[in-house]
């Protein structure tokens, strides 16, 4: 997928506000911040129609969690963060902690307590994963 990016660098590392635009329609698809080359603060992700689909925050290096891949190999993903996914109507869909290595938009593992909501934002259930 092709993206248009707006990136600021300081001493060769990403640092400051980061924006990603969808090349097809030039709409904002991601907004966040880097500090000394690492994701920081709160990140916002949007679909092609500009609806908020994901908020990511409390982004940290993962030193506590491991997961089994589909092939049975235990891995320690590089990062952990809290996320909230949204329905296209703006109500929260689900929230919890994820683990990932490269990019949360490519692949992630759910871990810990997850909360699931209906399309009106009403809590349906909480589940430990």
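Residue numbers (the numbering used here): -14 to 114. For each residue, glycine too, the CB sits at the ideal point set by N, CA and C.
Beta-carbon proximity list for residue i, same chain, < 7 Å, skipping 5 on both sides
i           : result
residue 108 : 100 and 102
Cutoff 6 Å; reference residue i; Cβ partners in own chain excluding five residues on either side
i           : result
residue 27  : 42
residue -13 : Low local confidence applies: a pLDDT of 43 at residue -13 is under 50, so the model's placement there is unreliable, and no value is given.
residue 51  : 59 and 61
Range covered by the beta strand (DSSP E) that runs through residue i
i           : result
residue 82  : 77 to 85
residue 26  : 23 to 31
residue 102 : 94 to 102
residue 2   : 1 to 7
residue 68  : 64 to 71
residue 17  : 13 to 20
C-beta contact flag for residue i and residue j at 8 Å
i          : j           : result
residue 98 : residue 78  : no
residue 13 : residue 31  : yes
residue 93 : residue 37  : no
residue 74 : residue 104 : yes
Per-residue burial, residue i [other beta carbons within 10 Å of its own, 16 or more giving buried]
i          : result
residue 49 : exposed
residue 47 : buried
residue 76 : exposed
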